[in-house]
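Heads up: the sequence shown is residues 0 to 397, going by numbering that gives the first Met the number 0. For each residue, glycine too, the CB sits at the ideal point set by N, CA and C. All values derive from a computational prediction rather than experimental measurement.
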Amino acid sequence: MKIGILWKQNRSKKGKNRQDCYLIEYTKPRNQIRLQWFRYKKPRASAEFTHNKNVEYEADQFISKRKQDLRLGLYEIEDYTQEIESFVLWSRNYISSKLEPKYKANTINPYTKAIDIFEQFFTTGKTLVDFKEQEALNLQIYMRDKYLNRYGAKYSIDTINTYWNRLKLLCEKYIGQGKPTYQRKNMFLEVGYLKTKEKKREYVSLEEYHLLDPSLCVHTGIAKAFMFSCLTGLRMSDIQALTYKDILKDQIRGHYIEVIMVKGGDKIFIPLGKDEMNLVGRLGADEEKVFRFSSAYYKYLYNWLKNAFPKKKVGQQRGDDDTIEGLTFHSARGSFITNMLDLGIPPVRVQKYVGHKDLKTTLSYYRGGDSYEQEDFTKFNKELKASGGVLKAKQLIS
């Protein structure tokens, strides 16, 4: 594609002695984009001569750089007027101005961490106009094979994919603001996620739940919180934030909670039955935490779970079989989802109850197999036959 600079007469009354600068694309029909420069048509004073000299030099440098980029395939014509900027700096500004005012730290942290990794692998000044697919692949390999956490261990594939997802989302916003990228592509999307091994998650079934006794745990607070998560599907962060003023009651619904989730910011409603309220216990002061615990008590939780379920894997230590995810605090939430799905509750409803953004995340907890097919199709055919009988009865009556 051939491009060039065109100087055109300014049409305003005050601009009779001015010519505006346009970027022109020599196609049929021609495409013209007005740029920020102007020059004097007939300069008189020395300042006007100097002005013309400077802007003509800037315009010449501008078009030379764009021609070079065009040969490399970096731009389409609408990108030429866009300012090229650091993806790292743009992302940090976007996070601080758009995300931080709306979301809590748990939601923000993966975005910040992802940009930190991007900056460490490249530099602060790295732009996306020359960020090609091979560079994206190199970054992903670096995250998988070389990037270490604060304990000196590699990140799990799931964690890497989480950070990759945040980079993809930031790039989508970047492109959405008209910012230029290599061949107008989101390379994080083009490369995709790392493949993960199919894992079996340990969970607590409804029957197994009755084997749990919080009084047998050294720290009853974390044990009760785990059981509460099994019954409600709340994340650890939401349970930690729960205060007694969040426990509401009315004559129709009984006890319930209606809170905004720490991660994602969605508002959810959860009815509380007898089992849930037994875990809550006697109500305290409004601002008092319902469950007082932290991750520092994980060792007590794990010992308690090992005693309750000696045949289950508990925790996730390095060197373990990574095809099985041991029971952790988050497994309580997973158990709630799995049990809901196994009861036949529609996945879209379960998705709403737990605040998942993506239905695929909810469905990943489904454990039903081929054994359900016969049951489901039999139920379908019975309903089909029954509805036919109802129709015939209606016809006879009419």
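### Query
How far does the alpha helix (DSSP H) with Asn-306 in it reach, from first residue to last?
Counted as a single uninterrupted DSSP element, the alpha helix (DSSP H) harbouring Asn-306 occupies residues 297-307.
### Query
Nearest-angstrom Cα distance between Lys-312 and Tyr-365?
19 angstroms
### Message
By DSSP's criteria, Ile-4 is part of a beta bridge. Which residues make up the other side?
### Response
Leu-22
### Task
Can you tell me which of the three DSSP states Glu-324 falls into?
strand
### Task
Please report the residue range of the beta strand (DSSP E) in which His-218 lies.
Unbroken run through His-218: none, as it is neither H nor E.
### Query
Which residue from Phe-290, Gly-325, Asp-129 and Asp-265 puts its Cα closest to that of Glu-275?
Phe-290
### Query
With burial defined as no fewer than 16 other Cβ atoms inside 10 Å of the residue's Cβ, what is the status of Lys-223: buried or exposed?
buried
### Query
Candidates Gln-176, Phe-117 and Lys-351: which alpha carbon is nearest Ile-267's?
For the residues Gln-176, Phe-117 and Lys-351, the minimum Cα distance to Ile-267 belongs to Lys-351.
### Task
Go ahead and label Val-217 buried or exposed: buried means 16 or more other beta carbons lie within 10 angstroms of its beta carbon, across all protein chains shown.
exposed
### Message
What residue range does the beta strand (DSSP E) around Asp-249 cover?
### Response
246-249
#### Entry: Of the listed residues Ile-159, Arg-183, Thr-158 and Asn-160, nearest to Cys-170 (C-alpha basis)
Arg-183
### Message
Quick test of the definition: if touching needs 3 or more C-beta pairs under 8 angstroms, does the stretch 103-121 touch the stretch 160-180?
### Response
yes
### Query
First and last residue of the beta strand (DSSP E) that includes Val-35?
Checking the displayed sequence, the identity of residue 35 turns out to be Gln instead of Val. DSSP places Gln-35 in the uninterrupted beta strand (DSSP E) bounded by 30-39.
### CB of Glu-257 within 8 angstroms of CB of Leu-271, strictly
no
### One or two residues paired with Tyr-255 in a DSSP bridge
In the DSSP output, where bridge partners are listed per residue, Tyr-255 has Leu-247 and Pro-270.
### Thr-231 in three-state terms, based on DSSP
Thr-231 carries a helical assignment under DSSP once its states are collapsed to helix, strand and coil.
### Task
Mind reading off the beta-carbon distance from Ser-294 to Arg-200? Whole number of angstroms is fine, and I expect it under 8 angstroms.
At roughly 20 angstroms, the Cβ-Cβ gap does not stay under 8 angstroms, so Ser-294 and Arg-200 are not in contact.
#### Entry: Beta-carbon separation (whole angstroms), Lys-64 vs Ile-2, contact threshold 8 angstroms
Contact doesn't hold; Cβ gap of about 11 angstroms is too wide.
#### Entry: Every unbroken alpha helix (DSSP H) inside the stretch 119-202 [4 residues or more]
132-144, 156-175 and 186-190
### Task
Would you kindly report the start and end of the unbroken alpha helix (DSSP H) that includes Met-339?
For Met-339, the enclosing alpha helix (DSSP H) covers residues 329-341.
### Task
Determine which residues share a DSSP beta bridge with Val-313 and list them.
Note: Val-313 sits in a beta bridge opposite Leu-326.
### Task
State the Cα-Cα distance for the pair Asp-212 and Thr-327, rounded to the nearest angstrom.
17 angstroms
#### Entry: Cβ pair Phe-335, Ser-228 closer than 8 angstroms
Against a cut-off of 8 angstroms, the Cβ pair of Ser-228 and Phe-335 comes out as a contact.
### Query
Is the stretch 239-246 close to the stretch 279-288, with three or more CB pairs under 8 angstroms?
yes
### Message
Taking its Cβ as the centre, do 16 or more other Cβ atoms sit within 10 Å of Gln-250, making it buried, or is it exposed?
### Response
Flag for Gln-250 reads exposed.
### Query
Phe-86 and Tyr-173 look like a contact to me (Cβ under 8 angstroms); what is the Cβ gap, rounded to whole Å?
Between Phe-86 and Tyr-173, the beta carbon gap of about 7 angstroms places them in contact (Cβ cut-off 8 angstroms).
### Query
What is the DSSP secondary structure of Lys-411, reduced to helix, strand or coil?
Missing from the structure shown is residue 411; the chain here goes from 0 to 397 and no further.
### Task
Give the single residue among Ile-140, Gln-139 and Thr-158 whose Cα lies nearest to the Cα of Phe-148.
Just to set this straight, residue 148 is Asn in the shown sequence, not Phe. If we check each option's Cα against that of Asn-148, Thr-158 comes out closest.
### Task
Could you check which residue in Leu-205, His-254 and Lys-305 has the C-alpha nearest to that of Leu-342?
Considering only Leu-205, His-254 and Lys-305, the residue with the shortest C-alpha distance to Leu-342 is Leu-205.
#### Entry: N-terminal and C-terminal residue of the alpha helix (DSSP H) that Lys-359 is part of
358-362
### Task
Compute the distance between the beta-carbons of Asn-105 and Lys-262, then report whether it is under 8 angstroms.
yes
### Query
Contact check, Met-186 vs Glu-132 under 8 angstroms by CB: the rounded distance?
6 angstroms
### Query
So who's on the other strand from Arg-17, going by DSSP bridges?
Tyr-39
### Query
Can you name, in chain order, every residue of its own chain whose Cβ lies under 8 angstroms from the Cβ of Leu-136, other than the five neighbours on each side?
Cβ contact annotation for Leu-136 (same chain, cutoff 8 angstroms, sequence separation greater than five): Val-190, in chain order.
### Task
Work out the CA separation of Lys-194 and Lys-381 for me, nearest whole Å.
41 angstroms
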